[in-house]
Every structure is written in C-alpha cells, then in structure tokens.
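K.L.:
Sequences listed follow chains A and B, in order.
Just add 683 to wherever you are in the first sequence, counting from 1, and you've got our numbering.
Just add 2 to wherever you are in the second sequence, counting from 1, and you've got our numbering.
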Amino acid sequence: MAFINLKNKEIQVKIVYYGPGRGGKTSNLEYVYKKFAKRINTEMVTVKTHGDRTLFFDFLPFDIGIINGYDVKIQLYTVPGQVKYNATRRLVLRGVDGIVFVADAMAVRREKNILSLKNLQENLAAYKKSIFRIPFVMQYNKMDLQEQGIPLLPMPTLEKDLNSQLKIPSFAASAVLGTNVVATLKRIISLTVASIKKDLK
Amino acid sequence: MADSKDVDTLSTELENRLDDLFGDNNLAPADAEDNDIAAHYPLAELKNLILSIDWEITDDVLGKLLQQIKDLKLTYKHDKIVLTFLQILNSLGGYIQTNRAKSHPKTFKILNSVFSSLDKVVLSREMPETAKKKILRAEMNRYKELRIQISQGKTAAQPKPKAKPARADKPEVVKETEDQPVTLTEPSVQPSEIEISGTPVIEPEQEPDVVTLRQPSVETLAEAVDNIKKYIHDEISALKKEIQALRNQ
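#1: Determine whether the beta carbon atoms of LEU803/A and ILE814/A lie at a separation below 9 Å.
#2: Going by C-alpha distance, which of ILE150/B, VAL123/B, LEU241/B, LYS79/B is nearest THR109/B?
#3: Hey, is the segment 753-761 of chain A in contact with the segment 690-702 of chain A, meaning 3+ C-beta pairs nearer than 8 Å?
#4: With a threshold of 8 Å (Cβ to nearest heavy atom), would ASP73/B be considered close to the ligand ADP?
#5: Using only alpha-carbon positions, find the residue among ALA770/A, LYS717/A, MET821/A that is nearest to GLY706/A.
#6: In terms of residues, what are the limits of the beta strand (DSSP E) holding GLY706/A?
#7: Pick out whichever of GLY704/A, LEU845/A, LEU743/A, TYR700/A has its Cα sitting closest to the Cα of PHE719/A.
#8: For SER834/A, which of helix, strand or coil comes out of DSSP?
#9: Could you give the C-beta distance for PRO44/B and VAL124/B, rounded to a whole number, given that I count them as a contact under 8 Å?
#10: Below 7 Å on C-beta distance, what does LEU883/A contact in chain B?
#11: According to the Cβ coordinates, are ASN824/A and VAL785/A closer than 9 Å?
#12: Kindly list the residues whose CB is nearer than 6 Å to the CB of LYS869/A, restricted to its own chain and excluding five residues on each side of it in sequence; keep chain order.
#13: Buried or exposed: where does PHE854/A fall if 16 or more other Cβ atoms within 10 Å of its Cβ makes it buried?
#14: Under 8 Å by Cβ, that's how I've got ILE747/A and ARG19/B pegged, so tell me the actual separation to the nearest angstrom.
#15: Under a three-way DSSP split, which group does ALA786/A fall into?
#16: Can a CB atom of chain B be found closer than 9 Å to the CB of SER710/A?
#17: Less than 6 Å between C-beta atoms, sequence neighbours within five positions excluded: which residues of the same chain meet that for LYS795/A?
#18: Taking Cβ positions only, does THR185/B come closer than 9 Å to chain A?
#19: Answer yes or no: does any C-beta atom of chain A fall closer than 9 Å to that of THR109/B?
#20: Would you decide whether PRO818/A is buried or exposed? Buried here means 16 or more other CB atoms lie within 10 Å of its CB.
#21: Quick one: measure Cβ to Cβ for MET826/A and THR862/A, integer angstroms, because I've assumed they're closer than 8 Å.
#22: Going straight from the alpha carbon of ILE198/B to that of LYS843/A, what length do you get?
#23: If the cut-off is 9 Å on Cβ atoms, which residues from the segment 737-753 of chain A count as contacting chain B, listed in chain order?
#24: In the DSSP assignment, find the alpha helix (DSSP H) that holds ASP754/A and state where it starts and stops.
#25: Report yes or no: is there a C-beta of chain A within less than 9 Å of the C-beta of LEU16/B?
#26: Less than 8 Å between the CB atoms is what I'm expecting for ALA877/A and SER239/B, so what's the real figure, rounded?
#27: Return the first residue and the last residue of the alpha helix (DSSP H) that PHE87/B is part of.
#28: Kindly say whether PHE686/A, judged by its beta-carbon, lies nearer than 9 Å to any beta-carbon of chain B.
#29: Cα-Cα, which of ALA809/A, LEU689/A, ILE749/A, VAL864/A is closest to LEU774/A?
#30: Per DSSP, what are the beta-bridge partners of SER239/B in this structure?
#31: If I measure Cβ to Cβ from LYS122/B and keep anything under 7 Å in the same chain, skipping five residues before and after, which residues do I get?
#32: Where does LEU743/A fall in DSSP's three states?
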C-alpha cells in the first residue's frame with residue numbers, strides 16, 4: 684500500500700522494476716534519469732558490485748506534482764536480478780505498489796525470464812500480494828539486438844511465455860536506445876495511481 | 003457514475019502531467035559524448051565478458067574471454083604493466099574454465115578486482131608509472147593469496163592426492179604466457195527442471211505445488227552448506243566495504 688499522508692495530501696508511490704539479471708532494469712532507470720534529469724530534478728542512487736552489477740537496488744525518486752489535490756511522489760526501484768540475491772529482491776518488494784517486469788528478449792534468456800517471473804510471484808506471495816492483482820506492466824527489452832543478428836524471441840512467444848495468464852499491458856523496448864522506456868513508465872504510473880485512488884475510496 | 007468521472011479526471015490530469023515531464027519537447031539529445039567514449043573504450047568487450055561470467059559460466063563466454071585477452075595482449079604488447087594484468091586475467095580465466103562452479107569463491111571477486119584495476123590503469127593515461135605499479139602489486143598479492151588458499155584447500159580436502167592435472171587445480175603462475183587447452187569435464191549451468199512450453203509460467207491463484215527434487219547425498223548437502231557459508235561471508239564482507247566506502251564519500 685502506498686504511503687499516503689492525508690494531512691499533507693501527499694502520496695508516495697513505489698514502483699519496482701523486476702526481472703532476470705542483465706535484462707536492462709537499471710538501464711531503464713538510467714535512461715529516464717539521463718534524459719529527464721533537468722525536469723525531474725533528482726538524483727539517482729545506485730549501489731553496485733565490483734563489476735557494475737546492481738547489488739542492492741537502484742533508486743530514482745521524483746515528484747510529478749499535484750494530481751487531484753495530492754502531491755504525488757514516485758519512487759522507482761530496481762532489484763538485483765541474479766538468482767543469488769533473492770533476499771534483497773524480497774526486501775525491495777516490501778510495500779510495492781506497481782511492478783514493471785523487464786524481460787530479456789534474447790532467445791538464450793527464455794528460461795531465465797520464466798524463472799524470474801515465478802520468483803516474483805513467490806516473493807509477492809510472501810507479502811500476501813497477488814501477481815494477478817497488482818498494477819503490472821510487461822516490457823520485452825533488448826529489441827535493438829535484432830539488428831546485430833542476435834537471435835531474439837518473437838513477440839508471440841514472449842507473450843505466450845510471460846503474459847498469457849497475466850494479460851497485462853506489454854511493450855517491446857530497448858532500454859539502451861530509450862525505445863518505449865517512457866511509454867512503459869507512463870503506463871505503470873497511470874495504472875498504479877489509478878489503483879491507489881480506487882483503494883482510497 | 004461520479005466515481006467514473008473522478009477517475010477520468012484523474013487519468014487526464016495524470017496523463018497531462020506525465021506528458022509534461024516525459025514529453026520530447028525541448029530535450030537535449032541522448033548522451034552522444036558517452037556513446038563516443040564507449041565506442042573507443044578498448045576494454046569494452048573484456049568488461050562485457052567478465053560481467054557475463056558473474057552471471058553464468060559457459061564454454062562460449064569463457065572461450066571468448068580467453069580469446070579477448072589474447073587479442074588485448076597483442077594490442078598492449080609494449081606495455082608491461084597492462085600485459086601482466088592480462089596474464090593474471092588469463093590465468094584466472096583458465097582456472098575458471100577448468101573448475102567452473104567449483105572454482106574458489108574468491109576467484110570471481112579477484113577477477114573483477116583485477117579487471118577494475120586494469121580499467122583504471124588503461125583509462126588514466128596521466129597516471130604515473132609508480133602508481134600503476136602499486137596497483138598492479140596489490141592485485142598480484144591478492145592473486146598470490148588466492149593461489150595459496152587454493153593449494154591449502156586442496157591439501158586439506160585431499161591429504162593424499164593421486165596423480166591429477168596441475169592446471170585444473172589452481173591458477174597458473176603469472177609468468178606463464180602460453181595458452182594451453184584444458185579439458186572441460188563439468189556442465190556450466192545446471193539445466194532447469196521447468197518446462198518452457200506447454201505449462202503455465204506462473205501458478206494460478208492458489209497455493210503453489212511443492213516442487214519435488216531429487217534427494218541429494220549428505221556429502222553434496224554438506225558441500226552446498228559450506229559453499230553457502232563461504233558465499234554469505236564473502237558477500238557480507240563486500241557489503242561492509244561498500245557501506246564503508248559510501249560513508250567515506
């Protein structure tokens with residue numbers, strides 16, 4: 684549940700970018716941060732391992748201003764994707780309001796995507812949250828690699844693997860080029876804020 | 003009806019606000035300078051491969067890593083310091099290729115650390131030779147410590163070792179430069195037990211089934227517990243260092 688301060692009319696929305704390691708979660712946030720730094724006027728916090736991999740999480744907070752009388756503050760987080768960091772992933776999911784699942788469209792990553800999605804379901808269940816009910820957007824990242832001749836999974840396969848049951852909005856994206864990064868973000872913010880508003884009633 | 007109107011107003015207001023924030027109007031182009039630097043970064047491929055090993059150890063990645071090191075050795079054949087860094091990386095790569103997941107847990111940290119120092123040395127052209135040597139010496143010491151730890155670990159685990167290939171047990175001595183083929187005997191990644199197609203990816207909204215696994219032997223379990231303990235210890239040490247570094251900033 685989002686942090687809502689009725690007195691100050693302030694809502695903090697927590698959105699987590701989830702997905703397999705090296706799938707592009709951090710790249711999503713980095714793109715947003717680099718491209719819109721002046722507008723969102725914030726700092727991105729990131730803790731990395733020796734090899735530039737996300738160890739804890741990345742954190743990008745920004746204010747989107749007054750919406751319907753409430754000052755809406757968005758907090759974007761990523762989780763470490765490597766299997767071994769599940770405790771950290773679970774911790775980052777605490778109090779999550781919306782999720783973007785960043786799937787890796789490379790054919791060799793098919794199994795990793797599936798395992799990560801199952802892992803998300805398990806970790807949400809630990810907080811008594813259902814993957815079917817939380818505001819959720821799917822992103823199929825690394826579509827730009829097709830031009831380099833790297834085998835990618837076709838969209839229908841990705842949809843069948845990851846979205847046949849969820850039936851959530853999905854985007855083919857390239858986090859490094861910025862393709863559909865903003866569209867994904869806008870969609871998850873809209874879904875999450877609408878969900879919070881509904882819960883408030 | 004009133005609710006629906008309210009939600010519509012909210013959506014419109016939110017959409018407009020998001021368009022203002024994330025619209026393409028008056029935006030500077032993406033960091034062309036960064037891309038330019040990346041394009042001329044000589045260690046880019048090596049970095050990618052070392053990061054890949056952190057994620058999974060495969061024949062393909064290790065083969066590319068060793069080949070990339072070989073190529074860089076030619077590029078830097080007149081730079082003794084860089085060459086020595088590359089020799090350490092080559093030795094560690096060969097060791098990982100032989101031992102895979104059974105490599106000493108510190109190997110991957112040292113591999114990353116050596117690369118990080120090499121990166122620093124290559125990118126800091128203004129850095130004096132003495133400073134470069136100091137960094138190299140620190141990495142050499144870590145590497146030597148690792149060799150000793152591997153040797154000690156082997157002796158403790160197998161007091162009476164029978165004839166076995168020396169290369170497979172620990173990293174080479176740095177002075178060695180020739181690449182020798184190593185026979186791989188173990189699979190890199192355990193195949194997953196999930197079915198990719200034909201079964202639902204996520205569980206429906208009900209209690210998940212208990213996954214049945216093959217019963218591992220007591221030795222395997224003990225080894226796994228030991229590995230986990232070592233791993234947790236290493237991770238905590240690394241985390242402490244990261245926190246300390248952040249505090250110092």
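Where is the CB? At the ideal position from N, CA and C, for every residue including glycine.
Source: prediction; values computed, not measured.
P.N.:
This is what the structure gives:
#1: At a Cβ-Cβ threshold of 9 Å, LEU803/A and ILE814/A count as neighbours.
#2: Comparing Cα positions, the closest option is ILE150/B.
#3: Touching, yes.
#4: The model on display carries no ligand, and the ligand ADP is accordingly not part of it.
#5: Measuring from the Cα of GLY706/A, the nearest candidate turns out to be MET821/A.
#6: Note, GLY706/A: premise wrong, no beta strand (DSSP E); not H, not E.
#7: The shortest Cα separation from PHE719/A among GLY704/A, LEU845/A, LEU743/A, TYR700/A belongs to LEU743/A.
#8: Per the sequence presented here, residue 834/A reads as Pro, with Ser not at that position. Note: PRO834/A maps to coil in three-state DSSP.
#9: Indeed, because the Cβ distance is near 6 Å, the residues count as touching under 8 Å.
#10: Residues of chain B passing the Cβ test: none, with the nearest at roughly 11 Å.
#11: Yes, these two residues count as a Cβ contact at 9 Å.
#12: If the five residues before and after LYS869/A are omitted, its C-beta is found closer than 6 Å to no C-beta atom of its own chain.
#13: PHE854/A counts as buried, since at least 16 other C-beta atoms from the protein chains shown sit within 10 angstroms of its C-beta.
#14: Confirmed, Cβ separation roughly 5 Å.
#15: The answer is strand: DSSP assigns ALA786/A an E or B state.
#16: Not an interface residue.
#17: Excluding sequence neighbours, LYS795/A sits near PRO703.
#18: Note that THR185/B scores 27 on pLDDT, short of 50, meaning its location in the model is unreliable and no value can be drawn from it.
#19: Output row for THR109/B: interface = no.
#20: With a 10 Å radius around the Cβ and a threshold of 16 neighbouring Cβ atoms, PRO818/A comes out buried.
#21: Between THR862/A and MET826/A the Cβ distance is about 7 Å, and since that is below 8 Å, they are a contact.
#22: Unreliable placement is indicated for ILE198/B, whose pLDDT of 45 sits below 50; the coordinate value is still reported in the next sentence. Each residue's Cα considered, the two are about 10 Å apart.
#23: Listed in sequence order: LEU738, PHE739, PHE745, ILE747, GLY748, ILE749, ILE750, ASN751.
#24: Here ASP754/A belongs to no alpha helix (DSSP H); instead the beta strand (DSSP E) covers 753-761.
#25: Yes, contact with chain A.
#26: The distance from the Cβ of ALA877/A to that of SER239/B is about 45 Å, inconsistent with a contact at the 8 Å cut-off.
#27: 82-101 is the extent of the alpha helix (DSSP H) around PHE87/B.
#28: Taking a beta-carbon distance threshold of 9 Å, PHE686/A does not count as an interface residue toward chain B.
#29: Residue ALA809/A is the option with its Cα nearest to LEU774/A.
#30: None; SER239/B has no bridge partner.
#31: Cβ neighbours of LYS122/B beyond the five flanking positions: ILE137.
#32: Of the three classes helix, strand and coil, the one that applies to LEU743/A here is strand, per DSSP.
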